[in-house]
Each structure stands twice: as C-alpha cells, then as structure tokens.
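Going by this note's numbering, the letters in the sequence shown line up with residues 12 to 252, in that order. All residues carry an ideal CB built from backbone N, CA and C; glycine is no exception. Working notes, beginning with the structure itself.
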Amino acid sequence: MKICINGFKGRMGTAIADEAVSSGHTITGKVDIGDDLKAALSESDVVIDFSFHTITQSVFEAAADLGKAVICGTTGHTQEQRAKLLKIGQAMPTVWAGNYSIGVNLLCYLTEKAAEILPLSYNAEITEMHHRMKKDAPSGTALMLAESVLGPRNLSYDDLQHGREGILGEREEREVGMHSLRGGDVVGDHSIIFADIGERVELTHSASSRAIFARGAIRAAEWVFGKEAGVYSIRDVLGLK
C-alpha cells in the first residue's frame, strides 16, 4: 500500500513512517507545512493525518477530490469543525478516531458498558495527562471516554464539567468531570472513575510508547483501503461493536 503522511515531521509522523515501512508499505508522501499535499496524495492510496486541527479540512477536501482513503488522528476540533469534516468524510473511505491504540479503544468499550450498567449515582470523572508540549485540552481520547459515558446515560456535552474552582455547590449527578494534566514527557494516561457512596470503579490506560498509536493507524489504513465511501470508527476496524 502507498501511504502519504500529513504531519510527517511530528512525533507521530515519524512513528507512523517507521511502522509503515516495517509492515511492508511504501511512503509516497512526506507532507508538512508548506508542502503540496494534493501532489503527494495523487501518488498514494491513503493519507494518514496527524497534524493540526486547522489543517484537517484541507486534507479531507484533497482526499475527497482524488477519491483517496483517509485515516485521521488529529484532535482539537470544535463541534462545528467536526460536523463539517464528518460531512466531507462521507465522500471517501474515512477512519476517524481520537486514539488508535487497541488498549484505549478497549477502555472506551468497557467504559460504555459500565455507563450502561451503573446508575447516575456512580459519578463519572475523567482524568488525562500528556506531555507538556501537547497543545489541545482535553485530549481526543478523553473526549472519546466522555462520549462513551454521555451516550448510554442520555447526556450531552453540556453535562461535561471541565475542572472545578470556587464555591460551586454540591455535584450534580448528571455531571461528567473532565480534568487535564500536562507535564514532562508523558505519552498518554487516561482514567475514568465511577464513584458511588461506599465503592468506586476505576478503569485506566497508560501508554509508554507512540508505537502503539502508529500500529493502530497502519492497521486502520490496511482495513479501510478498498472499503466503500463513508466515515468509520476505530471500533469498526477492531470489531468492537
């Protein structure tokens, strides 16, 4: 398979290139800021995008014009940007995920099951920690965890509580707490706590290498290549439905 990497000079771009080559694929596009994405993509089967949220739309539009598959791992989009991108993504085979780790997606799956089983009295609190260079917060993975709670509990993004400060009164049962930590070189730690009176359930994932995300992205590219146009999730790739 011929792969174009957008965001090639970034940490994830380097990891994806290494994984792609070791898996027997060819890197036909090494794209970064200022490069001609469309020219590189025209020679490729799929583009893997780990760049910046303001660039994603141009990546999707180029892929749609050329009929090329997209693997998107870029995070930090607003809800409005996300809605627009999901619409464009219907024009070509697209996999969109905030995290391509098998372990993280298992965490989200288990979180969804816990949210289905446990009543609202089991208060949900999400924490995430990343390296000090990460620009967006909360992380895309933390938002995946949030969605795994909101859906089964019939809640919305309005029920997310991003941190707490001051005299806020008692916690509402509908709240889903979201807390972002930054420091050092942490690759990615994510936890969700369901806390009731007398007991709590905690689910945690810790990443020690970016290679796990690169492996997942290449697996997604192999899976989506040749599929019908449409937006797929990493759960489709992994069979976690």
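Exposed is the label assigned to H173, since fewer than 16 other Cβ atoms lie within 10 Å of its Cβ. The three-state secondary structure of V70, taken from DSSP, is helix. Secondary structure note for V187: its beta strand (DSSP E) is the uninterrupted segment 187-193.
The DSSP assignment places 134-141, 171-173 as complete runs of the beta strand (DSSP E) inside the segment 131-179, in order along the chain (cut-off: 3 residues).
Rounded to whole angstroms, A218 and Q101 show a C-alpha spacing of 31 Å.
In the structure shown, the three-state DSSP call for N17 is strand. Counting only the Cα atoms, C15 lies some 6 Å from I59. Within the segment 74-98, the beta strand (DSSP E) runs of at least 3 residues that lie entirely inside it are, in chain order, 80-83.
Under DSSP, I204 takes part in a beta bridge, and its partners are E136, E213.
The criterion of a C-beta distance shorter than 9 Å is not satisfied by T67 and I82.
For a cut-off of 8 Å, the C-beta gap from G18 to F61 is around 5 Å, short enough to register as a contact. With respect to the 9 Å criterion, R230 and Y111 are classified as neighbours on the basis of their beta carbons. With contacts defined by Cβ atoms closer than 9 Å, V197 and L171 do not form a contacting pair. Bounds of the beta strand (DSSP E) holding V58 are 57-60. Taking 9 Å as the cut-off, the beta carbon of D200 is found no closer than this to the beta carbon of L129. Per DSSP, the continuous beta strand (DSSP E) segment holding Y243 begins and ends at 241-243.
Straight-line measurement puts the Cα of K98 at about 11 Å from the Cα of E91. Per DSSP, the continuous beta strand (DSSP E) segment holding I38 begins and ends at 37-42.
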